[in-house]
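Engineer:
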């Protein structure tokens, strides 16, 4: 069936892991005959979670586009992982959705996953609904969940569907919009009578809805104040208006396992959620770097935004959303970000791992294409270079958890690097750096599960096993007092010998750079050997005398020496300088410097004590506290970077996942005695192992 832009809804399912997003998506597909069986995450047979890693772990790892057809509309449901280690997937989904559905359970209510989802939607000011799942389970409490949502998110939260209860058992749902009750008869949603015992509860829920919706227009408010019932059509229009202005957040409920409430949810999506034509224009930059806005326009020139890439050993699939015009198979396109032409091949619409070839993807719809040469996630494809724009890209969460990564079998480093580069195409939320100083490959992601999944994919997709271990800290060494030492190199082995003799003063410099000077009188050391002395010292400062770390803030002055007219050479004076260095620095009170980072951690007020206490244990210095968003505080501190390797996991544990942070290097300063001793012992042990 062909759909117009007005017929399309792009919806992302957000919420905490285990709150029923994938099960809800599966229920939508099954009810609309998009699949012939109701898959279960526990059985590993859902349409959404088809990757081997997802099946093995029983959780969503990657967001999946699942087209659902209902009521003459096409709903692109994007099922998003709920675990915070995969927040990069949530950011991609929110970037191309026009609205979000936040999933919570009737037992848990407004959990931390719902709070994070709310913040993600706020960043783009997207309309939203809340789906309360598992209302038919034992100890489910819809009323308590609804009140919890109101307490956390405010008065915009209003019920639209509520459970019909007989005692403690949920037997159906009541729609406050259609004013009818429904139950499931096999796989069909049918009307049912409303128990008399529910009338008071329904009236109370209805008052909540009508009072909030009446606030969106003067006409509705007049009806409400006069005590008249708002006509159904006006109520729907009022909810729709309130949803778009973010003044109304409808709460629906159901059970994905039985299908109860799924059809009502689909109807509410069609009625209340905006089409791409009603979305805000996309922010972009034109060829002259001017900021422009691009409206969703079916008649405009072709523009598509790439929001996701899937990569494996067979190639890659590129997922895009059409912003303007339409995109057709074999169409030539221009990648604005790469300044390069691209040729589209066959287009497809994906439903999990199933692809259906299509000849055209219309404005507002989502499609995929394979084998693009240069295009990456976040790029913009345009119909021609002359009118090309670059749509605003995707801002990923800060990669806060860092480990060193290495192959279990030596010699496979190149294979690891290649595999990580391919995986990074589909998951730009992790970074990889080759640290030349510590000679380690360092990977940073959003948590320990995130990195564990990457390692598992390296094995299954690219056939290389790796291990993770704490990344080495890049310490520095520095001296604290002035010394004067001699370096004398004399060697005779037949023919010309080797002779170099220098006296050098070592002292702390005013800057971190190495400074070399000479104050030689009377030609004790010929000028032509000065560069050799300096070169010898520069070679030495890459490795300090305490623990083998680079030396900074060192000034060396050549003050005296001697030479032999035949046996002296540049190599001899270079060696003499290194001997002076090795003799002098241990006498000059050397110390280890450690990297200090600037930490900004955002937390709810009630976790302040725990977080500050933890930072004090890590040797941190609190620099200040500033108010953040509602109920949040931003703690600023300076903390030794060597004590922060596990902070991402520890902060998550301390704050139940509500805390976030950024951490950037600012300078080096003298390490504590305990830190120095530990680093020196580790260095000596490594030298023994090498021998």
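Residue numbers (the working numbering): 1 to 691. Using N, Cα and C, we set each Cβ at its ideal position, and we do this for glycine too.
Roughly how far, in whole angstroms, is the beta-carbon of residue 114 from the beta-carbon of residue 102, given that I think they are within contact range, below 8 Å?
Structural biologist: Translated into positions along the chain shown, residue 114 becomes position 114. Translated into positions along the chain shown, residue 102 becomes position 102. Contact holds; Cβ gap of about 5 Å.
Engineer: Suppose contacts are defined by Cβ-Cβ distances below 8 Å. Is residue 79 in contact with residue 25 by that definition?
Structural biologist: Residue mapping note: residue 79 aligns to position 79 of the chain shown, counting from 1. Residue mapping note: residue 25 aligns to position 25 of the chain shown, counting from 1. Yes, these two residues count as a Cβ contact at 8 Å.
Engineer: What do you get for residue 155, buried or exposed, if any count of 16 or more other CB atoms within 10 angstroms of its CB means buried?
Structural biologist: For the purposes of this step, residue 155 is taken as residue 155 along the chain shown, with counting starting at 1. Residue 155 should be labelled exposed.
Engineer: Is the distance from the Cβ of residue 284 to the Cβ of residue 294 below 8 Å?
Structural biologist: Taking the chain shown and counting its residues from 1, the one referred to as residue 284 is at position 284. Taking the chain shown and counting its residues from 1, the one referred to as residue 294 is at position 294. Yes, they are a contact pair.
Engineer: Distance check for residue 609 and residue 651, CA to CA, integer angstroms please.
Structural biologist: Working through the chain shown from its first residue, we reach residue 651 at position 651. Working through the chain shown from its first residue, we reach residue 609 at position 609. One C-alpha to the other measures close to 13 Å.
Engineer: Reducing DSSP to helix, strand and coil, say where residue 429 ends up.
Structural biologist: Taking the chain shown and counting its residues from 1, the one referred to as residue 429 is at position 429. Coil.
Engineer: Rank 329, 442, 375, 263 by C-alpha distance to the C-alpha of residue 184 and give the top, closest one.
Structural biologist: Counted from its first residue, the chain shown places residue 184 at position 184. Comparing Cα-Cα distances from residue 184 to each of 329, 442, 375, 263, the minimum goes to 263.
Engineer: Quick one: Cα of residue 394 to Cα of residue 91, how far?
Structural biologist: On the chain shown, position 394 is the one that residue 394 refers to. On the chain shown, position 91 is the one that residue 91 refers to. Going from the Cα of residue 394 to the Cα of residue 91 covers about 7 Å.
Engineer: Near residue 434, what residues of its chain come up, given a Cβ to Cβ distance below 7 Å and the 5 sequence neighbours on each side ignored?
Structural biologist: Here the question's residue 434 lines up with position 434 in the chain shown. Counting only Cβ-Cβ distances below 7 Å, and skipping sequence neighbours, we find 441.
Engineer: Between the C-alpha atoms of residue 335 and residue 326, what's the straight-line distance to the nearest angstrom?
Structural biologist: Start at 1 with the first residue of the chain shown, and residue 335 comes out as number 335. Start at 1 with the first residue of the chain shown, and residue 326 comes out as number 326. Spanning the two alpha carbons is a distance of roughly 16 Å.
Engineer: What are the start and end residues of the beta strand (DSSP E) that includes residue 488?
Structural biologist: Position 488 of the chain shown, counted from the start, is the residue given in the question as residue 488. It spans 483-491 - the beta strand (DSSP E) in which residue 488 sits, taken as one unbroken run.
Engineer: So, do the region 556-564 and the region 459-479 have three or more beta carbon pairs nearer to each other than 8 Å?
Structural biologist: Flag = no, the region 556-564 and the region 459-479 do not touch.
Engineer: Does residue 215 come out as helix, strand or coil in the three-state DSSP assignment?
Structural biologist: On the chain shown, position 215 is the one that residue 215 refers to. If DSSP states are grouped into helix, strand and coil, residue 215 belongs with the helices.
Engineer: Could one say the Cβ of residue 41 lies closer than 8 Å to chain B's Cβ atoms, at least one of them?
Structural biologist: The question asks about chain B, but that chain is absent: this structure has only one protein chain.
Engineer: Hey, out of 368, 513, 265, 448, whose CA is closest to residue 316's CA?
Structural biologist: Stepping through the chain shown from its first residue, residue 316 is reached at position 316. Answer by Cα proximity: 368.
Engineer: Alpha carbons only, please: which of 168, 420, 66 is nearest the one belonging to residue 49?
Structural biologist: On the chain shown, residue 49 is found 49 positions in, with the first residue counted as 1. Closest by alpha carbon: 66.
Engineer: Relative to the C-alpha of residue 468, which residue among 461, 623, 459, 455 is closest?
Structural biologist: In the chain shown, residue 468 corresponds to position 468, counting from 1. It is 455 whose Cα lies nearest to the Cα of residue 468.
Engineer: Please go through the region 290-366 and give each complete beta strand (DSSP E) segment of 3 or more residues, from N-terminal end onward.
Structural biologist: With a minimum length of 3 residues, the continuous beta strand (DSSP E) runs that stay inside the region 290-366 are 291-294, 303-312, 315-324, 332-335, 340-343, 347-351, 354-358.
Engineer: Across the region 401-420 and the region 114-126, are there enough close Cβ pairs to call them in contact, namely three or more that are closer than 8 Å?
Structural biologist: Judged by Cβ distances under 8 Å, the region 401-420 makes no contact with the region 114-126, as fewer than three pairs qualify.
Engineer: Nearest-angstrom Cα distance between residue 258 and residue 187?
Structural biologist: On the chain shown, position 258 is the one that residue 258 refers to. On the chain shown, position 187 is the one that residue 187 refers to. In a straight line, the C-alpha of residue 258 is about 8 Å away from that of residue 187.
Engineer: Report the residue ranges of all alpha helix (DSSP H) runs contained in full by the region 448-478; include only those spanning at least 4 residues, in chain order.
Structural biologist: Fully enclosed alpha helix (DSSP H) runs of 4 or longer: 448-462.
Engineer: Rounded to the nearest angstrom, what separates residue 528 and residue 443 at their Cα positions?
Structural biologist: Within the chain shown, residue 528 is the residue found at index 528, counting from 1. Within the chain shown, residue 443 is the residue found at index 443, counting from 1. Roughly 47 Å between the two C-alpha positions.
Engineer: Any chance you could list the beta strand (DSSP E) runs of at least 3 consecutive residues sitting entirely within the region 602-633, in chain order?
Structural biologist: Correct list: 621-627.
Engineer: List the endpoints of the continuous alpha helix (DSSP H) containing residue 692.
Structural biologist: In the structure as shown, the chain begins at 1 and stops at 691. Residue 692 is therefore absent and cannot be evaluated.
Engineer: Would you identify the three-state DSSP class for residue 676, choosing helix, strand or coil?
Structural biologist: Residue 676 sits at position 676 when you count from the first residue of the chain shown. It is helical.
Engineer: For residue 501, which of helix, strand or coil comes out of DSSP?
Structural biologist: Indexing the chain shown from 1 puts residue 501 at position 501. The answer is strand: DSSP assigns residue 501 an E or B state.
Engineer: Just the C-alpha distance for residue 89 and residue 17, rounded to the nearest angstrom, thanks.
Structural biologist: To locate residue 89, count along the chain shown from 1; it is residue 89. To locate residue 17, count along the chain shown from 1; it is residue 17. For residue 89 and residue 17, the distance between alpha carbons rounds to 13 Å.
Engineer: Are the beta-carbon atoms belonging to residue 624 and residue 638 less than 8 Å from one another?
Structural biologist: Within the chain shown, the letter at position 624 stands for residue 624. Within the chain shown, the letter at position 638 stands for residue 638. Going by C-beta atoms, residue 624 is not nearer than 8 Å to residue 638.
Engineer: Could you give the C-beta distance for residue 694 and residue 546, rounded to a whole number, given that I count them as a contact under 8 Å?
Structural biologist: Past the edges of the chain, shown from 1 to 691, lies residue 694, and the structure says nothing about it.
Engineer: Using 8 Å as the threshold, is the C-beta distance between residue 149 and residue 161 below it?
Structural biologist: Here the question's residue 149 lines up with position 149 in the chain shown. Here the question's residue 161 lines up with position 161 in the chain shown. Cβ atoms of residue 149 and residue 161: not closer than 8 Å.
Engineer: I need the boundaries of the beta strand (DSSP E) containing residue 441, first residue and last residue.
Structural biologist: To locate residue 441, count along the chain shown from 1; it is residue 441. Where residue 441 is concerned, the enclosing beta strand (DSSP E) stretches over 440-445.
Engineer: In chain order, what residues of the same chain have a beta carbon less than 7 Å from the beta carbon of residue 457, not counting five sequence neighbours either side?
Structural biologist: Here residue 457 is taken as the residue at index 457 of the chain shown, counted from 1. Closer than 7 Å at Cβ, skipping near neighbours: 53, 423.
Engineer: Determine the contact status of residue 470 and residue 571, defining contact as a CB-CB distance below 8 Å.
Structural biologist: For this step, residue 470 is matched to residue 470 along the chain shown. For this step, residue 571 is matched to residue 571 along the chain shown. No; because the gap between Cβ atoms is not below 8 Å, this pair is not in contact.
Engineer: Suppose the cutoff is 6 Å on Cβ atoms and the five residues either side in sequence are ignored; what does the same chain contact list for residue 360 look like?
Structural biologist: In the chain shown, residue 360 corresponds to position 360, counting from 1. Excluding residues within five positions, the ones whose Cβ falls inside 6 Å are 326, 328.
Engineer: Suppose the cutoff is 7 Å on Cβ atoms and the five residues either side in sequence are ignored; what does the same chain contact list for residue 356 look like?
Structural biologist: Along the chain shown, read from residue 1 onward, the residue named residue 356 stands at position 356. 348, 349.
Engineer: Helix, strand or coil for residue 257 per DSSP?
Structural biologist: If you number the chain shown from 1, residue 257 lands on position 257. Reduced to three states, the DSSP call for residue 257 is coil.
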